[in-house]
Amino acid sequence: MALTETKRTKLEMAEKPDGLEGPGFFAGKLEDLVGMARKNSIWPLPFATSCCGIEFMATMASHYDLGRFGSERLSFSPRQADLLMVMGTISKKMGPILKQVYIQMAEPRWVLSVGACASSGGIFDTYSVLQGIDRIIPVDVYVPGCPPRPEQILEGVMKIQELVEKESFRRRQSAEYKELLGKYGIE
Amino acid sequence: MLKHTSKPADEKTKALCDATFAKLQAAFGSAIEKAEVEYDFPEITVSRDKIFEILKFLKEDKEQDYHFLTTMCGLHYPENKGHEFGLMYQLHNMPQNRRIRIKTFFPASDLEMPTVIPLWDSANWMERQEFDFFGIRFKGHPNLKRILNMEDIDFFPMRKDFALEDPTRDDKDDSMFGR
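Taken in order, these protein sequences are the chains called A and B. Each residue of the first sequence is one higher than the one before, starting from 1 at the first, in our numbering. Each residue of the second sequence is one higher than the one before, starting from 188 at the first, in our numbering.
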């Protein structure tokens with residue numbers, strides 16, 4: 001078959017924000033444009049402590065491939081990460097370390113709590129396990145499951161993407177946000 | 188208290204248990220309290236006052252030669268008044284593949300044990316763990332502080348009077364758990 005006859009699929013990288021469009025120009029809100037860019041280039045920091053971390057490995061691998069959502073590049077330094085993905089049981093002794101990692105992240109930052117243990121302590125209702133990471137850091141999206149399947153983790157990441165896209169420029173400076181962080185004792 | 192039903196001990200283990208008991212009694216007299224075979228495991232209960240000497244004897248006597256401390260574990264039976272707490276040492280004689288368990292009990296009001304670090308260096312962390320979970324203090328331990336739990340907790344989680352479930356959790360609806 002000749003090359004010209006090959007059926008080509010038109011690939012859409014990201015959805016265009018609302019705006020006025022004409023030949024050679026596009027006028028829209030800067031907020032929308034930044035939202036679109038951020039949404040499709042989230043750098044996650046995987047904080048994996050147990051079996052949910054194994055599911056995350058599957059999520060990153062070729063079959064599910066988180067890279068399709070713009071998160072190909074994992075950041076193992078909190079300073080460069082946008083999204084903290086907490087996957088697995090967090091013991092009380094690990095708590096301060098997790099909080100430190102969160103504090104080291106630059107704004108804007110989001111947190112995804114993957115699995116029953118990270119979200120609520122799960123089956124480990126006991127003296128050594130933190131009963132949900134939202135006791136020490138604010139969480140944006142919770143993914144249920146024990147452990148959740150890669151599809152569910154992807155769904156969680158897509159929910160985070162929605163939040164990232166819609167987030168207002170002023171949110172991180174707002175009094176409500178400062179109050180939220182203040183509740184966790186974070187400046 | 189639930190009493191388990193262990194199968195009858197095999198002859199060899201029973202003979203070993205009795206022989207060790209007799210040997211220890213010859214050396215330490217009334218400090219050796221009782222001997223029994225539980226789950227094919229010889230178990231000898233001794234008094235706390237002589238525990239160090241007894242373990243030293245079991246380790247250094249050429250015939251006994253229990254040279255390896257496999258593990259150590261705290262015990263808590265609140266219903267045994269006057270002997271609420273205990274400690275279990277599990278020893279191994281590798282050349283002859285013989286194992287033995289030494290138990291000792293003491294009251295809740297006096298949780299002090301001699302350290303066995305001079306016999307086995309590996310006892311260092313084991314004793315820290317028993318301090319961490321049961322609050323048993325080891326006299327002579329060079330670094331007796333918590334090893335696994337948070338340093339700032341003020342309870343000993345393996346004691347029977349410590350609630351199993353986390354008391355800070357408020358989202359559990361009792362009706363969901365049939366209680």
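Cβ coordinates follow ideal geometry from the N, Cα and C atoms, glycine included.
- Residue-level contact by beta carbon holds for Lys93 of chain A and chain B, with a gap shorter than 9 Å.
- For Phe292 of chain B, there is no enclosing alpha helix (DSSP H); the residue is part of the beta strand (DSSP E) that begins and ends at Arg285 to Phe293.
- Per DSSP, reduced to three states, the secondary structure at Trp110 of chain A is strand.
- By the neighbour-count criterion, in which a residue is buried when 16 or more other Cβ atoms sit within 10 angstroms of its Cβ, Ser77 of chain A is exposed.
- A residue is called buried once 16 or more other Cβ atoms fall within 10 Å of its Cβ, and Ala222 of chain B is buried on that count.
- Rounded to whole angstroms, the separation of the alpha carbons of Leu20 of chain A and Ser168 of chain A is 20 Å.
- Close CB contacts of Phe124 of chain A within its chain, under the 8 Å cut and outside five residues either way in sequence, are with Thr89 and Cys117 (chain order).
- Contact annotation for Asp353 of chain B against chain A: Gly121, Asp125, Thr126, Tyr127, Val129 and Gln131 [CB-CB distance below 8 Å, chain order].
- Within chain A, Thr126, Tyr127 and Ser128 have C-beta atoms less than 9 Å from the C-beta of Pro344 of chain B, given in sequence order.
- For Met345 of chain B, no alpha helix (DSSP H) encloses it, and the DSSP letter there is neither H nor E.
- Annotated as distal: Glu338 of chain B and His328 of chain B, with beta-carbon spacing of 9 Å or more.
- Taking the beta carbon of Met337 of chain B as reference, the chain A residues within 8 Å of it are Lys92 and Lys93, listed in sequence order.
- No residue range can be given for Glu266 of chain B, since it is assigned to no alpha helix (DSSP H) and is classified by DSSP as neither H nor E.
- For Arg356 of chain B, the chain A residues whose Cβ falls inside 9 Å of its Cβ are Ser120, Gly121, Asp125, Gln131 and Gly132, in order along the chain.
- Beta-bridge annotation (DSSP): Phe228 of chain B is paired with B:Glu225.
- Linking Asp236 of chain B to Phe325 of chain B through their CA atoms gives a straight-line distance of about 13 Å.
- Taking 4 residues as the shortest admissible run, the segment 31-70 of chain A contains the following complete alpha helix (DSSP H) segments, listed from N- to C-terminal end: 51-60.
- Met300 of chain B sits buried, since 16 or more C-beta atoms from the chains shown fall within 10 Å of its C-beta.
- Taking every protein chain shown into account, the CB of Glu165 of chain A has 16 or more other CB atoms within 10 angstroms, so this residue is buried.
- Within the same chain, Cβ atoms closer than 8 Å to the Cβ of Arg149 of chain A are found at Glu55, the five residues on either side in sequence being excluded.
- Residue burial annotation: Gln100 of chain A is exposed, with fewer than 16 other C-beta atoms found within 10 angstroms of its C-beta.
- Note that the segment 196-216 of chain B does not touch the segment 78-98 of chain A; fewer than 3 beta-carbon pairs, one per stretch, sit closer than 8 Å.
- Ile304 of chain B is not a Cβ neighbour of Asp319 of chain B, given a cutoff of 9 Å.
- Secondary structure at Asn336 of chain B: coil, using DSSP grouped into helix, strand and coil.
- In the pairwise beta carbon analysis, the segment 290-297 of chain B is classified as touching the segment 268-279 of chain B: at least three pairs are separated by under 8 Å.
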